[in-house]
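The working numbering applies: residue 18 is where the first sequence begins, and numbers increase by one.
For reference, the structure discussed in these notes is given below.
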Amino acid sequence: MDTINIFWFRRDLRLEDNAGLYHALKQGQAVLPIFIFDREILDKLKDKDDARVSFLHQTLANIQSKLNELGSSLQISYGKPVEVWKELLQQYKIGQVFTNRDYEPYAKERDAQIKDLLEKKNISFHTYKDHVIFESTEVLKKDGTPYTVFTPYSKKWLAKLDTQQKEKISYFLYSYPTEKYFSNFYKTDPIAMPSLAQMGFEPSPIKIPSTVVAQKVIKDYTENRNFPAIPNGTSRLGIHFRFGTISIRAKAQKSRKLNKTYLNELIWRDFYSMILDQFPHVVGNCFRDKYEAVVWRNDAKEFEAWCLGQTGYPMVDAGMRELNATGFMHNRVRMVVASFLVKHLLIDWRWGEAYFARKLLDFDLASNNGGWQWAAGCGTDAAPYFRIFNPTSQMEKFDKEKKYVKKWVPEYGTGQYVQPIVDHKKARQRCLDTYKKALGKA
DNA sequence: TTTTGAGTTGTTCGA
DNA sequence: GTCGAACAACTCAAA
Numbered sequence: 018m019d020t021i022n023i024f025w026f027r028r029d030l031r032l033e034d035n036a037g038l039y040h041a042l043k044q045g046q047a048v049l050p051i052f053i054f055d056r057e058i059l060d061k062l063k064d065k066d067d068a069r070v071s072f073l074h075q076t077l078a079n080i081q082s083k084l085n086e087l088g089s090s091l092q093i094s095y096g097k098p099v100e101v102w103k104e105l106l107q108q109y110k111i112g113q114v115f116t117n118r119d120y121e122p123y124a125k126e127r128d129a130q131i132k133d134l135l136e137k138k139n140i141s142f143h144t145y146k147d148h149v150i151f152e153s154t155e156v157l158k159k160d161g162t163p164y165t166v167f168t169p170y171s172k173k174w175l176a177k178l179d180t181q182q183k184e185k186i187s188y189f190l191y192s193y194p195t196e197k198y199f200s201n202f203y204k205t206d207p208i209a210m211p212s213l214a215q216m217g218f219e220p221s222p223i224k225i226p227s228t229v230v231a232q233k234v235i236k237d238y239t240e241n242r243n244f245p246a247i248p249n250g251t252s253r254l255g256i257h258f259r260f261g262t263i264s265i266r267a268k269a270q271k272s273r274k275l276n277k278t279y280l281n282e283l284i285w286r287d288f289y290s291m292i293l294d295q296f297p298h299v300v301g302n303c304f305r306d307k308y309e310a311v312v313w314r315n316d317a318k319e320f321e322a323w324c325l326g327q328t329g330y331p332m333v334d335a336g337m338r339e340l341n342a343t344g345f346m347h348n349r350v351r352m353v354v355a356s357f358l359v360k361h362l363l364i365d366w367r368w369g370e371a372y373f374a375r376k377l378l379d380f381d382l383a384s385n386n387g388g389w390q391w392a393a394g395c396g397t398d399a400a401p402y403f404r405i406f407n408p409t410s411q412m413e414k415f416d417k418e419k420k421y422v423k424k425w426v427p428e429y430g431t432g433q434y435v436q437p438i439v440d441h442k443k444a445r446q447r448c449l450d451t452y453k454k455a456l457g458k459a
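Rendered as structure tokens:
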């Protein structure tokens with residue numbers, strides 16, 4: 018049996034401009050690409066027709082057919098990673114293993130286990146940066162510790178990008194010519210992949226936004242991004258960044274030239290990825306501990322009304338209904354619904370975070386957690402607690418014509434629409450009092 | 001070490 | 001209708 022190298026796909030599902038895959042193929046030895054449908058993750062999903070699983074499956078099928086054309090195949094397994102790797106070790110004589118780094122706590126632990134398993138067999142485990150522009154240790158304060166405020170972080174980040182560009186420190190800052198080495202894929206007949214049904218899932222009716230975004234969308238992003246009724250006001254690339262179906266490097270390079278505001282959003286993505294990597298306690302805990310003292314009301318009925326888009330506040334309800342129907346919610350509206358849940362209803366931000374995690378196509382632990390902690394005021398660079406969005410004035414500001422609201426809440430203004438479940442003014446005061454008390458100011 | 005300037009995305013009140 | 005101040009002081013980053 019010949020020795021082969023393995024490339025392990027995770028959240029980098031593309032053959033082009035893929036750092037780890039590039040390094041794997043460049044070695045010269047035959048490379049078998051693999052993917053694992055991870056039961057540690059899948060078994061926890063609540064919806065059998067989860068759109069992200071369908072998307073994953075479809076994306077892998079696309080990669081599979083491209084590889085089949087090259088006379089190779091993707092080996093897709095369904096199970097727990099450690100078990101799958103033990104089987105792979107039985108099945109193949111493996112030389113080296115290549116993969117791209119993942120910064121979520123679960124992934125770090127999983128990779129440490131696999132690395133250990135492989136190294137015991139004298140198989141090296143090589144990991145690469147692919148998911149972000151700069152990793153958590155690449156942009157640090159002068160004293161060598163991580164930033165916790167976005168603006169100085171972003172300045173340093175931009176300066177570093179400029180330096181790398183000027184000095185050509187990293188030829189591969191923008192693109193890995195992976196396709197140059199496609200001939201090194203392991204030659205094999207197509208290997209069957211598990212069907213959705215075999216894994217206990219059903220296809221989702223939800224449509225996935227395209228990877229192709231008109232240049233004009235990025236160019237006009239600054240003016241359009243706050244208005245949810247504008248059809249292409251935002252790029253909707255979140256899901257593709259999440260699963261790596263597009264390259265972050267390519268997008269950063271383009272937006273650097275086209276629109277600094279858009280680039281800034283990509284810097285936020287690196288920022289929250291860094292925060293998660295450096296401060297993993299943010300999973301399940303307030304970044305700032307003193308906010309744990311907030312006494313949440315956690316009314317289950319009100320939470321349900323929020324989830325279903327039945328709060329009586331049109332901007333909130335439109336957002337939640339858009340989320341439930343499409344797996345997407347406009348960013349401006351995400352802030353409005355999050356502020357409403359946490360501050361008007363005084364429901365623990367972790368409840369909202371979990372609901373978004375379940376529903377959002379573009380769900381990403383780092384960004385979702387960062388966003389919710391921002392909204393709750395307990396995060397790194399958070400909104401002050403007295404900054405409470407007024408869902409009505411947000412609608413007047415950002416959906417003046419009510420185009421967005423009427424699309425998702427058609428009964429709005431007809432008399433059939435539910436009464437507000439809380440009074441804004443009272444809820445606002447209640448929030449201020451609750452936070453003041455928690456922070457020892459009352 | 002101390003000081004200084006600044007901090008994604010807001011709202012309300014009163015002049 | 002428009003504008004500035006108050007909200008509440010706090011923490012961070014860098015000089």
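Beta carbons: idealized from backbone N, C-alpha and C, even for Gly.
Take the alpha-carbon of Lys132 and the one of Leu283: they are about 30 angstroms apart. DSSP, reduced to helix, strand and coil, places Gln92 within a strand of the structure shown. Burial is judged here by how many other beta carbons sit within 10 angstroms of a residue's own beta carbon; Asp34 has at least 16 and is buried. Under the DSSP assignment, Phe142 falls in the beta strand (DSSP E) whose first and last residues are Ser141 to Tyr145. DSSP, reduced to helix, strand and coil, places Asn85 within a helical segment of the structure shown. The beta carbon of Ile263 sits closer than 8 angstroms to the beta carbons of Arg31, Thr228, Leu254 and His257 from its chain, once the five residues preceding and following it are set aside; these are given in chain order. A check of alpha carbon separations from Leu38 across Asp67, Leu178, Asp450 and Leu91 identifies Leu91 as the nearest.
Look at the beta carbons and you see the segment 168 to 185 not touching the segment 44 to 52: under three pairs across the two are nearer than 8 angstroms. Judged by DSSP in its simplified three-state form, Asn22 adopts strand.
For Lys103, same chain residues with a beta-carbon under 8 angstroms away, outside a window of 5 residues either side, are Leu134 in chain order. Cβ contact annotation for His40 (same chain, cutoff 7 angstroms, sequence separation greater than five): Phe115, His143 and Tyr145, in chain order. Taking C-beta separations shorter than 8 angstroms and ignoring five residues to either side along the sequence, the partners of Phe357 in its chain run Trp323, Thr328, Tyr330, Val333, Phe406 and Pro408, following chain order. For Pro331, the three-state secondary structure derived from DSSP is helix. Bridge partners of Lys110 according to DSSP: Thr20. Along the segment 305 to 373, the alpha helix (DSSP H) occurs as fully enclosed runs of 4 or more residues at 317 to 325, 331 to 343 and 348 to 356, listed in sequence order.
In this structure, Arg305 places its C-beta atom within 8 angstroms of the C-beta atom of Cys395.
Straight through space, the alpha carbons of Asn241 and Gly326 are spaced by roughly 25 angstroms.
Linking Ala246 to Ala335 through their CA atoms gives a straight-line distance of about 11 angstroms. Residues Val234 of the same chain have their beta carbon placed closer than 6 angstroms to that of Asn249, with the five preceding and five following residues left out of the count.
Of Lys274, Leu62, Ala68 and Arg286, the smallest CA-CA separation from Ile265 is found for Arg286.
In this structure, DSSP gives Leu32 a state outside helix and strand, which the three-state scheme calls coil.
When rounded, the separation of the alpha-carbon atoms in Leu77 and Val435 is 43 angstroms.
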